[in-house]
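Protein chains in written order, with this note's numbering: chain A, 302 to 647; chain B, -13 to 299.
C-beta: ideal position from N, C-alpha, C; glycine also.
Small disclaimer: the values here were computed from a predicted structure and weren't measured.
Here's the structure, in structure tokens; my notes come after.
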């Protein structure tokens, strides 16, 4: 038990004090009781803000903890979503179809990430190559999915649908229990919570410590006898699976997916969520992902065309003035280094 | 046109020449396209080890400037020059205000230039609307046998070669080039010897941005003018740069665009342009597996060995 506690409350993320955990518990209780006072539609919007968190956590692990930047996390989001759509769509009527579809989606994401990651990491390329190649990969995926319009692009009874996307994707269900509305909200909450706690345990584990060492000094870590290529590949696959979880939740939430979900604009969003919060803190990333999704939704539903310009400007300002991220600067650097030096990179 | 079975030997010979020319033309246009879309990016990368993710948007802005100028009655070559200068100035300002703060932090630079690209593309969507009437391809076409070749693309191939030659001259025969190469090899040492590295960085970034604008303007007549038109250039440009590497700008750009056009042309011809692009990505993955620092580092080793042999002989 104390071992578990050590893993959950390690120094690699913000928040070890009792007060932090009291606040965390209060937050969970708040989210558990929140649906009692809101409409089903609002609960569904909140599910949407929450379901993006695993995607961001995956990028946080990659970029913040392992020092590998990926611009293509949405590719694995899309792959899982599309594969789920195809598998579950062909098993409509079967009560376990969505579960099989979910497993298939995550497996597909993991396998494709493993193949792609093998070429990138085992080549020992320079730092800037991984982000560029992942970006190119997601752009090609978007182009590919965009040209799948028409009847010949049909797998079983499901049409890929080109730029109009895939529609009529079944909701998640376990046996007779179908998740939508309020029950979907709780399902998302539990999945996101598990992902968050698992990531937190990962960064405090031995594997997590090796990742931190690779980020700080790859050559030295390698001289200690660790295979840094394998470690980077493993974390890349884990991040892809986390992105896949978000993709699954997304298609189960909206029952559709379009190629724009893996496009250039969508690809930018996870990077922004992670950079704004602070890339080396899971809790900071989870919070900013929720808040920025809410902000984007609020801006665009108010008919504001400038939503993406504002989000882009936010990213540039954060990179210029809070290079470590807003929440991390406030929570970690400020108490330690004071006002003056907290805002400059070491 | 007589049917192929009853051709005179001379006519058949002409046809073979035309086929050979057509293949060469395809290679040439693909290579020129890759070279033009990647040049600005690779100049900046080679110098500062920074990938400018706003590259596609700089090309888009170049295309907008040139198109607007042509619609106001400016002759096309002059419009391209205007685009080069305008985007070069923009690049200099961009470097002073933003990029300068990210030297030595490669990933930070990637992310911040991406934020800028988001602002530029979305901003131009709001300012200029989703479409702009594009300009006609200047020049006609030459026909040899059954095939016809666009004069404009032939001109673009020539321009791409001239620009590469110009860059070679700039880097090897001017004071700026000498200082730039010195800064590239060892910035601290160059500073100690009195090179104003700050200025070199600014001018290089400005040159790279200007080249992006220049290429955008040149490619503008061949495509439709939209705020997101940059996207179609970035994937090929990034692959060219990844394959080329940053060790030597000229050999990297030239070597990788030739190599990739050898991959893209047959596959694009047989299976369509999308699979041509996929083949580019697969080729890039395999090439970095074999030469992690790109083709330029690989070529550089041979060049170095060759020059050592010459010195010792």
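Taking the beta strand (DSSP E) that residue 128 of chain B belongs to, which residues open and close that run?
127 to 130
With a CB to CB cut of under 6 Å and the five nearest residues on each side skipped, what residues in its chain are close to residue 207 of chain B?
Cβ within range, chain order: 121, 123.
Which residues of chain A have a Cβ atom closer than 8 Å to the Cβ of residue 100 of chain B, listed in chain order?
372, 569, 572, 616
Give the single residue among A:352, A:633, A:567 whose Cα lies nearest to the Cα of residue 552 of chain A.
A:352
Which runs of the alpha helix (DSSP H), 4 residues or longer, sit entirely within the segment 317 to 389 of chain A?
Counting only runs that start and end inside the segment 317 to 389 of chain A, the alpha helix (DSSP H) elements of at least 4 residues fall at 319 to 334, 341 to 352, 354 to 360.
Taking the straight line between their C-alpha atoms, what separation do you get for residue 87 of chain B and residue 621 of chain A?
If I take the Cα positions, the gap works out to 8 Å.
Strictly below 9 Å CB to CB, what residues from chain B border residue 319 of chain A?
The premise fails here: residue 319 of chain A is roughly 35 Å from chain B at the closest Cβ pair, so nothing lies under 9 Å.
Of all the residues that make up the segment 422 to 437 of chain A, which are near chain B by a beta-carbon distance shorter than 9 Å?
423, 424, 425, 426, 427, 428, 429, 430, 432, 433, 434, 436, 437
Could you give the distance in angstroms between the alpha-carbon of residue 290 of chain B and the alpha-carbon of residue 77 of chain B?
33 Å
Near residue 373 of chain A, which residues of its chain fall below 6 Å by C-beta distance, leaving aside the five closest residues on each side in sequence?
435, 436, 438, 439
Does any residue of chain A bring its CB to less than 9 Å from the CB of residue 115 of chain B?
no
Going by alpha carbons, who is nearest to residue 131 of chain B out of B:57, B:-2, B:209?
B:-2
What residue range does the alpha helix (DSSP H) around residue 135 of chain B cover?
Note, residue 135 of chain B: premise wrong, no alpha helix (DSSP H); beta strand (DSSP E) at 133 to 136.
Using the C-alpha atoms, what's the distance from residue 516 of chain A back to residue 501 of chain A?
17 Å
For a cutoff of 9 Å on Cβ pairs, would you count residue 275 of chain B as touching chain A?
yes
Considering only the alpha carbon of each residue, which of A:578, A:583, A:534 lies closest to residue 416 of chain A?
Nearest in C-alpha terms to residue 416 of chain A, of all of A:578, A:583, A:534, is A:534.
Is the beta carbon of residue 410 of chain A closer than 9 Å to that of residue 548 of chain A?
yes
Just to confirm, is the Cβ distance from residue 145 of chain B to residue 22 of chain B under 9 Å?
yes
Report yes or no: do three or more beta-carbon pairs, one from the segment 574 to 585 of chain A and one from the segment 356 to 370 of chain A, lie closer than 8 Å?
yes
Decide if residue 81 of chain B is buried, meaning its Cβ has at least 16 other Cβ atoms within 10 Å, or exposed.
With at least 16 other beta carbons inside 10 angstroms of its own, residue 81 of chain B counts as buried.
Since residue 37 of chain B and residue 96 of chain B should fall inside the 8 Å C-beta cutoff, what is the C-beta to C-beta distance between them, to a whole number of angstroms?
6 Å
To be precise: take each residue of the segment 583 to 612 of chain A, compare its Cβ to all Cβ atoms of chain B, and keep it if any distance is under 8 Å. Which residues remain?
606, 607, 609, 610, 612
Going along chain B, which residues have a C-beta under 8 Å from residue 448 of chain A?
260
Taking only runs that begin and end inside the segment 476 to 559 of chain A, name each unbroken alpha helix (DSSP H) of 4 or more residues, in chain order.
483 to 505, 507 to 517, 519 to 524, 529 to 555
Given that a residue counts as buried once 16 or more other Cβ atoms are within 10 Å of its Cβ, and exposed if not, what is residue -12 of chain B?
Because the pLDDT of residue -12 of chain B is 47, which lies under 50, any placement of that residue in the model is unreliable, and the number read from its coordinates should be weighed accordingly. Under this definition residue -12 of chain B is an exposed residue.
Quick one: what's got a C-beta closer than 7 Å to residue 665 of chain A's C-beta in the same chain, skipping five residues either side?
The structure shown has nothing for residue 665 of chain A, since chain A only spans 302 to 647.
Please tell me whether residue 44 of chain B and residue 152 of chain B are closer than 9 Å, where the distance is taken between their beta carbons.
no
Do residue 107 of chain B and residue 42 of chain B have their beta-carbon atoms positioned less than 9 Å apart in this structure?
yes
Residue 105 of chain B versus chain A: which residues are under 8 Å apart at the beta carbon?
610, 613, 614, 617
Would you say residue 391 of chain A and residue 382 of chain A are within 9 Å of each other, going by their C-beta atoms?
no
Suppose the cutoff is 7 Å on Cβ atoms and the five residues either side in sequence are ignored; what does the same chain contact list for residue 212 of chain B look like?
116, 117
Spatial neighbours of residue 210 of chain B within its chain, please: CB distance less than 8 Å, with the 5 preceding and 5 following residues excluded, ordered by chain position.
Contacts found: 117, 120.
Three or more C-beta pairs under 8 Å: does that hold for the segment 312 to 326 of chain A against the segment 518 to 535 of chain A?
no
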